[in-house]
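See structure below.
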Amino acid sequence: MRIDLHTHSTASDGTDTPTELVRNAVATGLDVVALTDHDTVGGHDEATAAVRALDTPFTLVTGAELSCRIGGVSMHMLAYLFDRAEPELARERELVRDDRVPRAQGMVAKLRELGVPVTWERVAEIAGDGAVGRPHVATAMVELGVVPTVSDAFTDEWLANGGRAYVEKHEFDPFDAIRLVKGAGGVAVFAHPGAAKRGQTVPESVIAELAAAGLDGLEVDHMDHDEPTRARLRSLADELDLLITGSSDYHGSRKSCRLGEYTTDPEVYREIFRRATGAVPISAI
Ligand code: AMP
Ligand code: FE
Ligand code: FE
Ligand code: ZN
Numbered sequence: 019m020r021i022d023l024h025t026h027s028t029a030s031d032g033t034d035t036p037t038e039l040v041r042n043a044v045a046t047g048l049d050v051v052a053l054t055d056h057d058t059v060g061g062h063d064e065a066t067a068a069v070r071a072l073d074t075p076f077t078l079v080t081g082a083e084l085s086c087r088i089g090g091v092s093m094h095m096l097a098y099l100f101d102r103a104e105p106e107l108a109r110e111r112e113l114v115r116d117d118r119v120p121r122a123q124g125m126v127a128k129l130r131e132l133g134v135p136v137t138w139e140r141v142a143e144i145a146g147d148g149a150v151g152r153p154h155v156a157t158a159m160v161e162l163g164v165v166p167t168v169s170d171a172f173t174d175e176w177l178a179n180g181g182r183a184y185v186e187k188h189e190f191d192p193f194d195a196i197r198l199v200k201g202a203g204g205v206a207v208f209a210h211p212g213a214a215k216r217g218q219t220v221p222e223s224v225i226a227e228l229a230a231a232g233l234d235g236l237e238v239d240h241m242d243h244d245e246p247t248r249a250r251l252r253s254l255a256d257e258l259d260l261l262i263t264g265s266s267d268y269h270g271s272r273k274s275c276r277l278g279e280y281t282t283d284p285e286v287y288r289e290i291f292r293r294a295t296g297a298v299p300i301s302a303i
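Start counting the sequence shown at 19; every next residue gets the next number (my numbering).
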C-alpha cells in the first residue's frame with residue numbers, strides 16, 4: 019500500500035485541480051492520498067467527487083495544513099479527518115485563510131516599493147479560487163523575470179520569512195490548533211518540523227510540550243529534511259511516543275517534489291484512521 023499524506027491543489031498553492039490531483043495520484047500508483055491545502059477545505063468536495071467517479075480502488079483522506087506560529091516561529095500543522103462543520107475550528111480556519119488576502123496585498127505593495135511591477139490583479143488571477151499565498155506572488159515574480167523559479171523568490175531579498183517583501187499573516191497558536199483539531203475529531207501531525215531552509219524551526223522542548231498537549235505525530239520523511247534531521251526527528255518521535263509519517267508535500271508544477279516521493283507506513287495510516295472520529299476517508303468502489 020502506498021500512502022502520501024500531504025498534498026496541495028488549486029484550493030491553495032498547488033497547480034493540480036483536486037480532480038487532476040486524484041487522477042495523478044491513481045496514475046502514480048498511490049492507494050491513499052491526503053488533500054491538505056493551506057488553511058482551507060475548499061478542495062474537499064471536488065476531490066471527493068473525483069474519487070467517487072473512479073473505477074479503481076483508491077482512498078482520499080480529507081485534511082488541511084494549518085498555518086501556526088509560536089514564539090515568533092512559523093510552523094505548519096497537518097490536520098486529518100476532522101469534522102469540517104465543527105464551528106470553532108471552522109471559524110479560526112476561515113480567519114487565517116481570509117487574512118491571506120490583505121497580507122498578499124501587503125507583499126505586493128512592498129514589492130512595488132522595491133521596484134517590482136507586480137500587481138494584485140495578476141496575483142489574484144494566479145491564485146484563482148485558492149487560498150492565496152507566497153507561491154502565487156512568487157509565480158507572478160517569475161512571469162516578470164525577477165526570479166528564475168518560485169523557490170528563488172524565497173530569499174531574504176524577497177519573500178522568505180523576515181525578507182524585504184515579507185508580511186506576516188494571522189496564524190493559529192499551535193496549542194489552539196491541536197485543541198481545535200482534536201475537538202473536531204481530527205488527528206494532528208506537525209508538518210516538516212525540521213525544515214530549516216524555510217527559516218527558524220521550533221525547538222524540541224516545544225515539540226515535547228505539543229506532544230503533551232495531544233499532538234499525534236511528526237512528519238519525518240519530507241524533502242526538506244536531510245538524513246541527520248530525519249534520524250533526530252525519528253528518535254524524538256520515539257521518545258515522545260508520536261506517530262511518524264512521510265509525504266511528498268506535492269504542489270504540482272510549483273515545486274519539484276513528485277507525488278508519492280515519500281510515503282507513510284500502512285500501520286501508521288491505520289492508527290490515524292483509528293484515532294479519527296470527525297470524518298471517514300472517501301473510498302472509490
Ligand atoms: P505562505 O503560506 O503564503 O506563507 O507560503 C508558504 C508556502 O510557500 C509553503 O507552503 C510552500 O509552498 C512555499 N515555500 C515556503 N518556503 C519555501 C522555499 N524555501 N522554497 C519554495 N517554496 C517555499
Ligand atoms: Fe504550500
Ligand atoms: Fe507546509
Ligand atoms: Zn504543505
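Backbone N, C-alpha and C define an ideal beta-carbon position, used for all residues, glycine too.
Computed from a prediction, not measured in an experiment: that's the story for all the values here.
Worksheet item: Pick from Glu112, Asp174, Tyr287, Val126: whose alpha carbon is nearest that of Thr157?
Response: Answer by Cα proximity: Val126.
Practice prompt. Identify every run of the alpha helix (DSSP H) within the segment 50-103, keeping only runs that are complete inside it and at least 4 residues long; order them along the chain.
Written response: With a minimum length of 4 residues, the continuous alpha helix (DSSP H) runs that stay inside the segment 50-103 are 62-70.
Discussion item. Pop quiz: Gly201 and Glu104 are said to be a contact at Cβ under 8 Å. What is the actual Cβ separation, rounded to whole angstroms?
Written reply: That pair is a contact at about 7 Å.
Worksheet item: Helix or strand or just coil, what does DSSP make of Leu277?
Response: It is coil, neither helix nor strand.
Worksheet entry | Distance between beta carbons of Val165 and Trp176, contact taken as under 8 Å | Between the beta-carbon of Trp176 and that of Val165 there is about 7 Å, and that keeps the pair under the 8 Å contact cut.
Discussion item. With a threshold of 8 Å on Cβ separation, who are the neighbours of His210 within its own chain once the five nearest residues in sequence on each side are excluded?
Written reply: Cβ within range, chain order: His94, Arg216, Glu237, His240, Asp242, His243, Asp267.
Discussion item. Along the chain, where does the alpha helix (DSSP H) containing Ile196 start, and where does it finish?
Written reply: Taken as a continuous stretch (DSSP letters only), the alpha helix (DSSP H) holding Ile196 covers 192-201.
Worksheet entry | When Gly60, Thr77, Ala226, Arg109 are compared against Ala255, the one with the closest alpha-carbon | Here the closest residue by C-alpha is Ala226.
Fill in: Touch test, the segment 45-57 against the segment 76-83, Cβ-Cβ under 8 Å, three pairs minimum
As far as the Cβ criterion goes, the segment 45-57 touches the segment 76-83, which means the pair count is three or higher.
Worksheet entry | Reduced DSSP secondary structure (H/G/I, E/B, other) of Glu106 | Here Glu106 sits in helix by DSSP.
Worksheet item: Ordered along the chain, which non-local residues of its own chain (more than five positions away) have a Cβ less than 8 Å from that of Val199?
Response: Within the same chain, Val199 has close Cβ partners Leu84, Met95, Ala97, Phe100, Leu107, Val205, Ala206.
Practice prompt. Would you check if the segment 20-38 and the segment 139-152 touch, i.e. whether three or more CB-CB distances between them fall below 8 Å?
Written response: With a cut-off of 8 Å, the segment 20-38 and the segment 139-152 count as touching, because enough Cβ pairs lie within range.
Worksheet item: Of all the options Thr77, Leu39, Gly90, Ser223, which has the alpha carbon lying nearest to the alpha carbon of Asp49?
Response: Taking each of Thr77, Leu39, Gly90, Ser223 in turn and checking the Cα distance to Asp49, the smallest one comes out for Thr77.
Practice prompt. Look at the alpha carbon of Ile262 and the alpha carbon of Pro135, and state the distance between them as a whole number of angstroms.
Written response: Rounded to the nearest whole angstrom, the CA to CA distance from Ile262 to Pro135 is 44 Å.
Worksheet item: Taking the alpha-carbon positions, what's the Tyr287 to Gly90 distance?
Response: It is roughly 32 Å from the alpha-carbon of Tyr287 to the alpha-carbon of Gly90.
Discussion item. Which residue marks the beginning of the alpha helix (DSSP H) containing Ser301, and which one marks its end?
Written reply: Counting along the chain, Ser301 falls outside any alpha helix (DSSP H), though it belongs to the beta strand (DSSP E) covering 300-302.
Worksheet entry | Runs of alpha helix (DSSP H) wholly within the segment 153-240 (minimum 4 residues, chain order) | With a minimum length of 4 residues, the continuous alpha helix (DSSP H) runs that stay inside the segment 153-240 are 192-201, 222-230.
Item to complete: Counting only the same chain and skipping the five closest in sequence on each side, list residues whose C-beta sits under 7 Å from that of Thr247.
Response: Shown here for Thr247: same chain residues with a beta carbon closer than 7 Å to its own, the five before and five after excluded, namely Gly212 in chain order.
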